[in-house]
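The opening position of the sequence shown corresponds to residue 1 in the UniProt record's numbering, with each subsequent residue numbered one higher.
Ideal Cβ positions, reconstructed from N, Cα and C, are used throughout, including at glycine.
Fair warning: this is a prediction, and the values are worked out from it, not measured in the lab.
Beneath this line is the structure, given in structure tokens, with notes to follow.
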Amino acid sequence: MAEVTVSQLADTVGTTTDRLLTQMKEAGLTHTSADEFVSEDDKKTLLGHLKTSHGSVEEQGEKKITLKRKKLTTLKTGSGPGKKTVNVEVRKKRTIVKPSKEEAALAAASEARKASDSVSVDDEVVVADESVTEEAAPILSEAELKEKALQEQQQAEQDAKVAAEEKARLEAEQKEAAEQAAREAAANAAREAAERVAREVAERAQKEAEARIRAELAALKEERTSLEAKAKADPSDPEVMRQLAAAKRREKERTDAEERAARQKAKEEEKRRAAEEEKRLKEEAIAAAAAAKKAESAKTETKEESDTESSGKKMPARKRTKELATPVVDDRKPKRGGGKEQRTRGKGRNHNLRSQLTADGELQESSGRGGRRKLKKLNVNQQKFEMPTERAILEVEVGDAISVGDLAKQMKVKSGELIKQLMRMGVMATVNQPLDQDTAVLIVEELGHKVKFVSETELEDRLIDDIGREEGTLQTRAPVVTVMGHVDHGKTSLLDYIRETRVAGGEAGGITQHIGAYHVETDRGMVTFLDTPGHAAFTAMRARGAQSTDVVILVVAADDGVMPQTEEAVQHARAAGVPIVVAVNKIDKEDADLDRVKNELAAKDVIPEDWGGDVQFIPVSAHTGQGIDELLDAVLLQSEMLELSAAADIPARGVVIESRLDKGRGVVSTVLIQQGTLNKGDIVLAGESFGRVRAMIDEVGHGIEVAGPSIPVEILGLNATPNAGDEFFAVESEKKAREVAEFRNRRTRETRLSRQQAAKLENMFNSMGSEEKQVLNVVLKTDVRGSLEALQNALLDLGNDEVKVSVISSGVGGITETDANLALTSNAVVFGFNVRADSAAKSLMENEGVDFRYYSVIYDLIDDVTKALSGMLSPELREEIVGVAEVRDVFKSPKFGLIAGSMVIEGTIYRSKPIRVLRDDVVIYEGELESLRRFKDDIGEVRNGLECGIGVKNYQDVRPGDKIEVFDVKEFARTL
């Protein structure tokens, strides 16, 4: 046998090299290194020493060896704050009886017979307890073998009985579930039948109501047609006109009722569809759960049958002792603290369970003694069966624009994953970046979800629907009358006489520059008047006045006739469907011509009553009071025919007439209440503004607490100045008002940003070929919102392809230091309309040379801006022919080449001006003169009728009969 080293021998006998060297030293051997060779004699000497130290078999006969082992480990349970550590102590005690040679041979034979039936048995882990395993006798008797077989058979029968009971239980559960499902199906069928009957009854009632409404509408239309025929036959009969107006009103009410019924029917249908969809989804979920339970039961039965079939082959899984036929070598390590291989608690231990699993699912733990010890099996991978489910298809709401984050939240995916998908589609986006509707629809469909289109104004529409649903008791209300007409035709003066005040004198320049709202108590009842501007810049104001009114008084000067704004006022009134009463003013003047006004208005489809039309013409005088009573009678008659009514017991709603920013009181808005009652303290939503009404003031400056329909009031308390013409509502909660106002503000801001496309690439390419415009930057501040709107529109209408006005900042209120700084940085002009600059802003503008101007009349402001734009225009170049010479003969000059001997036949020929050469009256060359001589003298000019010699620079093709034309270029200033 070949010699081996100490380390190889230690590996063979299963001990450490240090321990083997210690034993060899105790046996008297001289080995001190692991690389030294061990001979056969050395092995025999070591074996003899070990027999002597441990006791000889021949001397002592059968000897018992008791091994005790104790091991302390730690396990960590849970995770997070509830995590804790459990100490596990494993104690083992094993007694080994060394058999004789005969017994060892018999045991080997017995082991060979039972090799096919043997199974591996796992050791048990006992927490803080002692597991004592007594070594069984190495040889089992025949009776013991029979007893063991009997026990195994009994165990198999018991397992089969348990499996049968479990199977019976599962079958009973399935039967009960089927019966329950049948009962639920019957109940659902009965409920669906009842719902179907109720729905059919409701639909039948709805159809009958619709048919009744249609029949009433047909009857009302027939009545209206007959009344219209009567009115056409006798237009001066007030009773017929009153009945016609009542018929129209009843027809409109029926139409509105039909529309409300249609909307209600659509809402109910939508609710029904939503309920059916929810019911369908619930049934699908129940069916999926039942299928999953059925599959789980089937798998459990299959597993139990497999266990039952294999129970006769496998031995019961209980603890068995291991039979050892060979002596055990004591390879324990030194005690704690006795060497560098000392075990430390927890350090270096692998707590990852999956890394400690064997191929068959057993958990292994390192024992610290050079091996891995098997613990109890863990069913880590044997999880409960889960029925595979389909991917959830979500309904994603997509508006006109939606941010990436909101879209990811609705689809229940991470924003990063959605951004990756967008990048694959070629769209670069961030989490907060809004996507347009088309892109959002593409990405939703790409990810397999359904798209539901929603309106961006859903919140606003819901609020307006709630407000419009409130209906109160209708009461007669005062008419709202708008006075319209051309500038300086006497609208405000006419109102002055009615109100017995002097309003026009207080207006700058004697013209009205914003809508004035007044209510007047007359002998015939209360009338609310709206006085609109007549200047061309106030088109939007006049349109708002026509939309907010019941009757329009069209004021036309008898000495001036129909003017452009008069025609525009007629168009606004026609568009709003408002009846017109024509007041022919200044009838007391000598050059007044009533027939001329009638003829001109008849040409605009405004036919007087005495000509067979439906418009009343009342001649009046604002100075003498002539015709004022007749005018009021005509207005009240017209309003009676309209049968005006409003509900006073609902929250107020109306229209904003004007708004301004007052330095002491804040935002002041003039509103006209059209429905309901406005109380002090109400929450008001007006356009993009909202707030609580802190105070209400009438037109004479008195504070009031309550205002009803057709009453104009000033309200204080809004957070910003609303736009003139915005609708206002009294709402229940400030939260709703704030949400809608913020949404409107955001929508306006997005719209404004979308219009600012100057920096976009496509616009850059579009503007490459065009010349850059000259821009006049303007900072505009006015006293009221209506004047600001009118001035902005008027300024933006100025300009042409070369120059334009850019309003870089505008607002209501005085000129502040911020406005001055903005004008300084942008090289702008500051215009203040009925406002002034504060001391800081005025000082800054004077020191920095910023041009600022104050105006109180709109004419002056527009004229100054027009002059400034005209000065920015490039001058116009015009050519003027100053002389013509005819070539009579051609001479050659050694210095100048060909010289044209010419006769001046028109004007004067100048040497310093440009010329053209004409042949057969066609221009063939354009240049300048090189020489101009008379006889031999160089001269600067030659007059008509004289001969001269002309040398044309860089041109040698002059022929007799050609004409040389001298012209001059002059610059002329241009105007807009």
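Residue i and residue j: beta carbons closer than 9 angstroms?
i	j	result
L824	L844	yes
A558	N599	no
R836	Y859	no
A634	R477	no
L442	L407	no
K70	K92	yes
S810	A724	no
A648	G561	no
L220	K230	no
V404	N432	yes
For residue i, which option in the options has the closest C-alpha, if you only look at C-alpha atoms?
i	options	result
Y518	T74, E277 and V700	V700
I657	S669, L72, A648 and G664	S669
K804	Q792, I815 and D496	Q792
M411	G426, V454 and A440	A440
V520	V829, I711 and A840	I711
D962	E277, R878 and S902	S902
V90	E166, E846, T73 and E688	T73
I467	E195, N834 and S733	S733
K604	A573, Q174 and T624	A573
V667	T721, E643 and A149	T721
N954	A266, D595 and F896	F896
Could you tell me the distance, in whole angstroms, from the CA atom of residue i to the CA atom of residue j?
i	j	result
E797	V578	Residue identity differs from the one stated: residue 797 is Asp in this sequence, not Glu. Each residue's Cα considered, the two are about 29 angstroms apart.
V775	S806	6 angstroms
G940	I950	11 angstroms
A392	R424	23 angstroms
A185	K294	18 angstroms
S7	D35	7 angstroms
V552	K252	21 angstroms
K282	V398	25 angstroms
T482	E258	32 angstroms
N827	E817	15 angstroms
K335	L50	With a pLDDT of 42 at K335, under the threshold of 50, the modelled position of this residue cannot be trusted, and the question is left open.
L873	D698	49 angstroms
L20	A10	6 angstroms
K781	V812	6 angstroms
R199	N188	16 angstroms
K970	I915	15 angstroms
E705	A652	13 angstroms
I580	R212	36 angstroms
A717	N834	Strictly speaking, residue 717 in this sequence is Gly, with Ala absent from that position. Cα-Cα distance, rounded: 23 angstroms.
D851	K867	15 angstroms
T30	F37	11 angstroms
Could you give the residue range of the beta strand (DSSP E) that holds residue i?
i	result
V821	In the sequence under discussion, the amino acid at residue 821 is Asn, which differs from the Val named in the question. Counting along the chain, N821 falls outside any beta strand (DSSP E), though it belongs to the alpha helix (DSSP H) covering E817 to S826.
R692	S689 to I697
V626	Per the sequence shown, residue 626 should be read as Gln rather than Val. Taken as a continuous stretch (DSSP letters only), Q626 belongs to no beta strand (DSSP E), as it is neither H nor E.
Y925	V922 to R934
T482	V480 to G485
L394	Looking at the DSSP string, L394 is not in any beta strand (DSSP E), and its letter there is neither H nor E.
L474	L474 to T476
Return the first residue and the last residue of the alpha helix (DSSP H) that residue i is part of.
i	result
Q23	T17 to E26
P914	First-last for P914: P914 to R919, but that is the beta strand (DSSP E), not the alpha helix (DSSP H).
A564	The sequence given here has Pro at residue 564, not Ala. Note, P564: alpha helix (DSSP H), P564 to A576.
S809	Counting along the chain, S809 falls outside any alpha helix (DSSP H), though it belongs to the beta strand (DSSP E) covering V803 to V812.
I464	E458 to G468
So what does residue i bridge to, in DSSP terms?
i	result
T866	Answer is none; T866 lacks a bridge partner.
H519	T528
I909	V942
P608	V615
Y854	G832
N777	S806
K84	T77
E876	F972
L898	K892
Check whether the Cβ of residue i lies closer than 8 angstroms to any heavy atom of the ligand GTP, and answer yes or no.
i	result
D465	Among the components of this structure there are no ligands whatsoever, and the ligand GTP is therefore not found.
Check the Cβ-Cβ distances between residue i and every residue of chain D, and say whether any is below 9 angstroms.
i	result
E179	No chain D appears in this structure, which consists of one protein chain only.
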